[in-house]
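Taking our numbering, the leading residue of the sequence shown gets 97, the next gets one more, and so forth.
Glycine residues also receive a C-beta, built at the ideal position from the N, C-alpha and C atoms.
If you're wondering where the values come from, they're calculated on a predicted model, not measured in any experiment.
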Amino acid sequence: MHMSLIQGGIFSQDAAIYCTAQWTKLASTADAHPAGQGTIGEDANMPVGSLGFVLSDVPLVGDVVMASHRLDMPANASQVLVRLDEVCFPVGAVAHRHTHCGPGIRHLVRGSLRIEADDHTQVMQAGDSWFEAAQSPVRAVAMQRQGVTSFVRCMVLPVDWQGKSTFALMDAKDGQLPRLQVTHRHIDHILQLDAG
């Protein structure tokens, strides 16, 4: 299975689309959280300006494709959980070193965020996307001096994580530090996988 991030519009490619988690920016957001709303669909067509996290049998290609990654799925899974959520960081917020139990693509919709992984550090600006593998440790630091930083994330998870946070700190002592970022879960969707 592949996850591709596309910018909205009419999309056509010879691919089996399993589902699309769509995020559309709200008309007036300023520093509001969430900054958008999520829906789930079965094709890759959506309003212009929307973001679509498309699960398909092959990687999507074309002008509207912003990122595409192969996802390693559990060998005998008959279903997975598709989660679309949004994380908002006020000034000074830090997501201390942590992991998530499923892979996925993130897209920064406003602000600036420093991502510190085991093998690299990168500063993301609004419009940038990145992929995080399952159980891949990362630390995220909000870099803006005013307002908020937020990203939209789509992950594929085991179904027993439905309704539960996947945020797992690497160091228990970090749990005593302030957690200023706020997560808004848009969608937890159970996707049936083809048994054949």
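| Query | Result |
| --- | --- |
| Looking at the strands, I want to know which residues DSSP matches up with E228. | G200 |
| Would you decide whether G243 is buried or exposed? Buried here means 16 or more other CB atoms lie within 10 Å of its CB. | exposed |
| Counting beta carbon pairs with one atom in the stretch 266-273 and one in the stretch 135-150, are three or more of them shorter than 8 angstroms? | no |
| Look up S100 in the DSSP assignment and say whether it is helix, strand or coil. | strand |
| Checking the sheet assignment: what are the DSSP bridge partners for E182? | V248, H280 |
| Have a look at P199 and R241 and give me their C-alpha separation to the nearest angstrom. | 30 angstroms |
| Using CA atoms only, rank isn't needed, just tell me which of F247, L180, Q133, D181 is closest to R210. | F247 |
| Is the stretch 144-153 touching the stretch 114-123, taking contact as three or more C-beta pairs under 8 angstroms? | yes |
| Identify every run of the beta strand (DSSP E) within the stretch 129-162, keeping only runs that are complete inside it and at least 3 residues long; order them along the chain. | 132-137, 142-152 |
| If I'm right that A236 touches G188 with Cβ under 8 angstroms, what's the distance once you round it to whole angstroms? | About 12 angstroms separates the two Cβ atoms, so there is no contact after all. |
| Roughly how many angstroms separate the alpha carbons of G292 and A171, rounded to a whole number? | Confidence in G292 is poor, its pLDDT being 48 and thus under 50, which makes the residue's placement too unreliable to answer from. |
| Measuring alpha carbon to alpha carbon, tell me which of S100, V278, D267 ends up nearest V161. | S100 |
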